[in-house]
Amino acid sequence: MSRQAGTGWLRGSQWDPLTPVSPVPPEVTVFPEDPVELGEPNVLICFVDKFFPPALSMTWLKNGQEVTQGVYETDFYPRQDYGFRKFSYLPFLPSQGDFYDCRVETPNPSNTLCSLFPDL
Numbered sequence: 001m002s003r004q005a006g007t008g009w010l011r012g013s014q015w016d017p018l019t020p021v022s023p024v025p026p027e028v029t030v031f032p033e034d035p036v037e038l039g040e041p042n043v044l045i046c047f048v049d050k051f052f053p054p055a056l057s058m059t060w061l062k063n064g065q066e067v068t069q070g071v072y073e074t075d076f077y078p079r080q081d082y083g084f085r086k087f088s089y090l091p092f093l094p095s096q097g098d099f100y101d102c103r104v105e106t107p108n109p110s111n112t113l114c115s116l117f118p119d120l
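Mapping the sequence shown onto full-length UniProt numbering, position 22 (from 1) lands on 22, and the numbers just tick up by one.
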């Protein structure tokens, strides 16, 4: 996580290298645990990385509809650069024509992201 001009690190009212002052939007990647074969059970992984503060929600969508059954989500994992990462897992049975989205919402609405797993 790099500092930009005009931003720094602040703890209370003291300059400190531990906490970014400005929010950092996440990077989102969706990928399968194993190579995808139609009709074979698999798991989709939504990996959210390099964000601050550790406050966001992750939602899975199948063909545009929210999915909650079987979803597992990790805690926020700290990075060495003081950002965070998080994972969400969705067990799925690949079927022709299905598509999946991992929607990531942060406290800043302009940072809402969706990452699509392609049509099968």
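Note that the Cβ used here is the ideal one computed from N, Cα and C, for glycine as well. Since the model is a prediction, treat every value here as computed from it, not as a measurement.
TODO: Assign P109 to one of three DSSP states: helix, strand, or coil.
DONE: Numbered from its first residue, the sequence shown carries residue 109 at position 109. In this structure, P109 counts as helix in the three-state DSSP scheme.
TODO: Would you identify the three-state DSSP class for R85, choosing helix, strand or coil?
DONE: In the sequence shown, counting from the first residue as 1, residue 85 sits at position 85. Strand, per DSSP.
TODO: Could you say if the region 79-87 and the region 30-41 meet the contact criterion of at least three C-beta pairs nearer than 8 Å?
DONE: no
TODO: Could you tell me whether the region 66-74 touches the region 110-120, where touching means 3 or more Cβ pairs closer than 8 Å?
DONE: no
Task: Sequence-distant residues of its chain with Cβ nearer than 6 Å to S57 (five each side left out) - done: For the purposes of this step, residue 57 is taken as residue 57 along the sequence shown, with counting starting at 1. E105.
Task: Coil, strand or helix - P91 by DSSP - done: For this step, residue 91 is matched to residue 91 along the sequence shown. In this structure, P91 counts as strand in the three-state DSSP scheme.
Open item on the list: Just to confirm my understanding: we take K62, look at its own chain, exclude 5 residues before and 5 after, and list those with CB closer than 7 Å. What are they?
Closed with: In the sequence shown, counting from the first residue as 1, residue 62 sits at position 62. Contacts found: D98, Y100.
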